[in-house]
Amino acid sequence: MSKQLALVIDLNVCVGCHACVTSCKEWNTSGSAGALPDERPYGKDPSGTFFNRVQTFEIGEFPNVETVHFPKSCLHCEDPPCVPVCPTGASYKREEDGIVLVDYDKCIGCEYCAWACPYGAREIDTRQKVMKKCTLCVDRIYDQELPVSERKPACVLACPTSARLFGDIQDPDSEVSVAIREEGGYQLMPEWGTNPANHYLPRRKQRITIHEDELIRADSPLKKEGVHPHGPVKDVTLDDVTSW
Amino acid sequence: MNPAFSVIFLTTLIGTGQGLFIAVVFGQPYSGSGISNYGLVATILAFAFLAAGLLASFFHLGRPERAWRAVTKWRTSWLSREVIVLPIAMILVLIYAVVQWIPGLVDGKIMNTIGLVGVFVMLVLFFCTAMIYACVKFLQEWATPWTIINYTVLGTASGFVLATALSAILDVERLGDFRSLAIAFTVIGLITRLFSFHRNNRIKYRSSIQTAVGIKHRKITQRSMGHTGGSFNTRAFFHHCSDTLISNLRLTVIIIVFVIPVAMLILYGLFPREEILWAAFVVQFIGLLAERWLFFAQANHPQNLYYQTVS
């Protein structure tokens, strides 16, 4: 297996602050590919091209309800359905690291790849008239001029709760592989066989089981002497039968 | 999906052109020794329909000046294959027109061979066009052999209705056969389209909000799609029309694509006025535009699961 870079998003930690959305937009609107459109940003009907969105879902019904914030970007599928449909080869998957990219100079803007993506991860650039999508910050993660700690996608660096992990999911010892393996990482819409590289970590509750008899200490000296909150204890306690 | 008019015109116009060419080639053996005006006019008209469809397709592209690049990925992309087969079909139609234009340029056998190769390419083109939609497996309304059958039968029916109308002014000898075949193809189209409507009514969607976000709970409600303004995802994949309009449109399509044209073609037997045939073609073609609109509008893209509520 070759390298497959991916994001692992921890839904247990995401607070839905949209910092990944704004940092993604900031980085990708400033790159060599040109600005990402932002039509009427302060107007009545704003619209723009984003590579990453944070959505919110409500699970269950009051009072048993929970809010889940759900960041969604290109999943860099290992078997991407958007790539073979592209008539020009503008949509492609990199051999060396598995990132799915669009060659903006070859794209004819036919939108067929967007139809062929079940996740709605692609958004057309309404100014350049070409299809755009998450690049996993390919222009950042290999930049030798940045310190090693900053060679990560902008969304990962921006996340205040470290809900976003980045790494090679084919390397079994990487942070992301361990997280997927040990924290129950899963893929979106597995029914279509796209094998998304990005994984999500589910909500995880920490629970311990306590039985009722564990709540009262059987050998408590309070049971023999002193003021007992439940009144005097008539039973024999361990103190009566052992000499310690 | 939100139907794009460029694609609706592309698929209906080339469908009619392909059907008309098939009708011309079908009619040719009946011409005997001489070559009639009819064949030439109908062939040129078929070319005009294919060219108009090709022109319409350019309006779908964001960067039409790069359209030539679309021939490169024919190994994997049905769209690329269509982009290759459509000009080949147009060239064959042109050649077929030229050999009729200049009598004696080639003998009848070669002409018929060109015609038959042309018919084969037309069928391949129907297949390529339909496979663009049928190969997207998670658009479950499209991912069915009915898509291929309907594209082929409806295009052929429309072409034969046009051929009937043309033969009424240029070559009455062929009219009877064309009229019978036009009725036959339209009726077959009605049956296959009803089957596909029936199938699409009963689709069990494999994706749900549960698989989309990967959480196992019966009740998951979207509270925010992440943006208040519209985006490409809310524009390109929703038709924003009511269910009533869709079901009314379906009935309208059945009536004006199939019932009225067949009634008019039969009526022509009683009142042989060519206007009836032209009206039949025009009514059916308008109906086919609506049918194609419905074909796109009824496709339910799984990405819509992520865009249920603005906020």
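Top to bottom, those sequences are chains Z and A. When we follow my numbering, the leftmost residue of the first sequence carries the number -13, and every step to the right adds one. When we follow my numbering, the leftmost residue of the second sequence carries the number 6, and every step to the right adds one. The beta-carbon is built from N, C-alpha and C at its ideal position, and this holds for glycine as well.
Between residue i and residue j, how many whole angstroms is the CB-CB distance? I'm expecting something under 8 Å.
{"i": "Z:V86", "j": "Z:P104", "result": "Contact doesn't hold; Cβ gap of about 14 Å is too wide."}
{"i": "Z:F43", "j": "A:V218", "result": "6 Å"}
{"i": "A:S127", "j": "A:F26", "result": "Sequence check: residue 127 of chain A is Met here, not Ser. Correct: roughly 6 Å between the Cβ atoms."}
{"i": "Z:C63", "j": "Z:S77", "result": "With 8 Å as the limit, Z:C63 and Z:S77 do not qualify as a contact, their Cβ atoms being about 12 Å apart."}
{"i": "Z:N184", "j": "Z:L(-7)", "result": "5 Å"}
{"i": "Z:P23", "j": "Z:R113", "result": "5 Å"}
Spell out whether any CB of chain A is found under 8 Å from the CB atom of residue i.
{"i": "Z:S9", "result": "no"}
{"i": "Z:D31", "result": "yes"}
{"i": "Z:L174", "result": "yes"}
{"i": "Z:I45", "result": "yes"}
{"i": "Z:T228", "result": "no"}
{"i": "Z:I166", "result": "no"}
{"i": "Z:Y98", "result": "yes"}
{"i": "Z:E177", "result": "yes"}
{"i": "Z:C120", "result": "no"}
{"i": "Z:Y238", "result": "Absent from the structure is residue 238 of chain Z, since the part of chain Z shown begins at -13 and ends at 230."}
{"i": "Z:V162", "result": "no"}
{"i": "Z:A21", "result": "no"}
{"i": "Z:V(-1)", "result": "no"}
{"i": "Z:T74", "result": "yes"}
{"i": "Z:T42", "result": "yes"}
{"i": "Z:C60", "result": "no"}
{"i": "Z:G84", "result": "no"}
{"i": "Z:W13", "result": "no"}
What's the gap between the Cα of residue i and the Cα of residue j?
{"i": "Z:L187", "j": "Z:N181", "result": "16 Å"}
{"i": "A:G58", "j": "A:F276", "result": "33 Å"}
{"i": "A:R297", "j": "A:G123", "result": "25 Å"}
{"i": "A:A139", "j": "Z:P73", "result": "16 Å"}
{"i": "Z:L132", "j": "Z:G75", "result": "31 Å"}
{"i": "A:F183", "j": "A:L15", "result": "25 Å"}
{"i": "Z:E233", "j": "A:I214", "result": "Residue 233 of chain Z is absent from the model: chain Z starts at -13 and stops at 230."}
{"i": "A:V29", "j": "A:A168", "result": "7 Å"}
{"i": "A:F290", "j": "A:L195", "result": "14 Å"}
{"i": "A:K224", "j": "Z:I45", "result": "6 Å"}
{"i": "Z:C141", "j": "Z:L(-9)", "result": "14 Å"}
{"i": "Z:S33", "j": "A:K78", "result": "32 Å"}
{"i": "A:I107", "j": "A:T149", "result": "44 Å"}
{"i": "Z:A107", "j": "A:L294", "result": "30 Å"}
{"i": "Z:D31", "j": "A:S247", "result": "22 Å"}
{"i": "Z:V227", "j": "Z:K220", "result": "14 Å"}
{"i": "A:S38", "j": "A:R240", "result": "Residue confidence for A:S38 is low, a pLDDT of 45 falling below 50, so the modelled location carries little weight and cannot support an answer."}
{"i": "A:L250", "j": "A:M6", "result": "15 Å"}
{"i": "Z:P27", "j": "A:A285", "result": "50 Å"}
Starting from residue i, follow the alpha helix (DSSP H) in both directions and report where the run begins and ends.
{"i": "A:M6", "result": "From DSSP, A:M6 is part of no alpha helix (DSSP H); its letter is neither H nor E."}
{"i": "Z:L87", "result": "Unbroken run through Z:L87 is the beta strand (DSSP E), V86 to V88; no alpha helix (DSSP H)."}
{"i": "A:T169", "result": "P150 to L175"}
{"i": "A:I49", "result": "N42 to F63"}
{"i": "A:Q215", "result": "I214 to V218"}
{"i": "A:Y210", "result": "Segment: none, A:Y210 is in no alpha helix (DSSP H) and carries neither H nor E."}
{"i": "Z:D226", "result": "L224 to V227"}
With residue i as the anchor, note down where its beta strand (DSSP E) starts and where it stops.
{"i": "Z:R150", "result": "R150 to D154"}
{"i": "Z:M117", "result": "V116 to K118"}
{"i": "Z:N38", "result": "N38 to E47"}
{"i": "A:Q289", "result": "Per DSSP, A:Q289 belongs to no beta strand (DSSP E); it is in the alpha helix (DSSP H), E279 to A302."}
{"i": "A:R228", "result": "I225 to S229"}
{"i": "Z:S77", "result": "S77 to K79"}
Would DSSP call residue i helix, strand or coil?
{"i": "A:N117", "result": "helix"}
{"i": "A:E87", "result": "helix"}
{"i": "Z:V(-1)", "result": "coil"}
{"i": "Z:A144", "result": "helix"}
{"i": "Z:D111", "result": "strand"}
{"i": "Z:H55", "result": "strand"}
{"i": "Z:H185", "result": "strand"}
{"i": "A:V111", "result": "coil"}
{"i": "Z:A5", "result": "helix"}
{"i": "A:N305", "result": "coil"}
{"i": "Z:A(-8)", "result": "strand"}
{"i": "A:G123", "result": "helix"}
{"i": "Z:W172", "result": "The sequence given here has Tyr at residue 172 of chain Z, not Trp. Looking at Z:Y172 - three-state DSSP - the assignment turns out to be strand."}
{"i": "A:S38", "result": "The predicted position of A:S38 is uncertain, since its pLDDT is 45 and thus under 50; a value taken from the coordinates is nonetheless stated next. A:S38: coil per DSSP, three-state reduction."}
{"i": "A:E178", "result": "helix"}
Using a Cβ-Cβ cut-off of 8 Å, state whether residue i counts as contacting chain Z.
{"i": "A:R68", "result": "yes"}
{"i": "A:N42", "result": "no"}
{"i": "A:S229", "result": "yes"}
{"i": "A:T226", "result": "yes"}
{"i": "A:F301", "result": "no"}
{"i": "A:K114", "result": "no"}
Does any residue of chain B have a CB that is nearer than 8 Å to the CB of residue i?
{"i": "A:V129", "result": "The structure shown contains no chain B; its protein chains are Z and A."}
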